[in-house]
Amino acid sequence: MFTMQPKNPTTCNQPDCNLPVCAKGMCRVHYDKERRPPTHTYDYTKDTEYTTWKKIRKLRIHLSWVNSYTQFLQDMGRRPSPEHRLVMLDPSNIYSKYNCKWLTYEEQKAYNKRTTMSQQGQK
Ligand SMILES: [Zn+2]
0 MFTMQPKNPT TCNQPDCNLP VCAKGMCRVH YDKERRPPTH TYDYTKDTEY
50 TTWKKIRKLR IHLSWVNSYT QFLQDMGRRP SPEHRLVMLD PSNIYSKYNC
100 KWLTYEEQKA YNKRTTMSQQ GQK
């Protein structure tokens with residue numbers, strides 16, 4: 000017959016944990032984990048991407064991004080470096096995954112130059 004190895008009641012009831020009990024038969028670490036699921040401990044409002052999203056939300060922005068920071072993050076990904084800014088490729092258009100890119104100031108300058116040149120060529 001299978002028998003559970005009785006654990007010392009003064010230590011955490013979680014497997015492979017020998018820390019002293021804090022509450023509900025669990026140590027401080029496991030008790031905290033139980034009370035606050037890990038998915039809720041991540042504070043996305045501190046993301047630089049979130050700050051950007053909040054800023055562009057007030058502007059002309061694609062419907063899929065209006066109420067969804069996660070969609071924005073999924074489409075654009077993380078900002079590659081602090082040098083990068085969210086840039087609209089076509090300023091007359093709206094903020095969307097097709098019209099936005101993380102670019103450095105230099106990259107943006109190079110891009111604008113290219114666009115201006117091609118526009119002049121059309122004349
Ligand atoms: Zn524990």
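Residue numbers (numbering that gives the first Met the number 0): 0 to 122.
The beta carbon of each residue, even a glycine, is placed where N, CA and C say it ideally should be.
{"Check": "Pairs of beta-carbons, one from the region 43-50 and one from the region 74-85, closer than 8 Å: are there three or more?", "Outcome": "yes"}
{"Check": "Given tryptophan 101, which residues of its chain have a CB within under 8 Å of its CB, disregarding the five upstream and five downstream residues?", "Outcome": "Met75, Gly76, Arg78, Pro79, His83, Arg84, Leu85, Val86"}
{"Check": "Among the candidates His61, Lys54, Thr69, whose CA atom is the shortest distance from the CA of aspartate 42?", "Outcome": "Thr69"}
{"Check": "Quick one, which of Lys23, Pro90, Trp52 has its alpha-carbon nearest glutamine 73's?", "Outcome": "Trp52"}
{"Check": "Can you find a heavy atom of ligand 1 that lies under 7 Å from the Cβ of leucine 88?", "Outcome": "no"}
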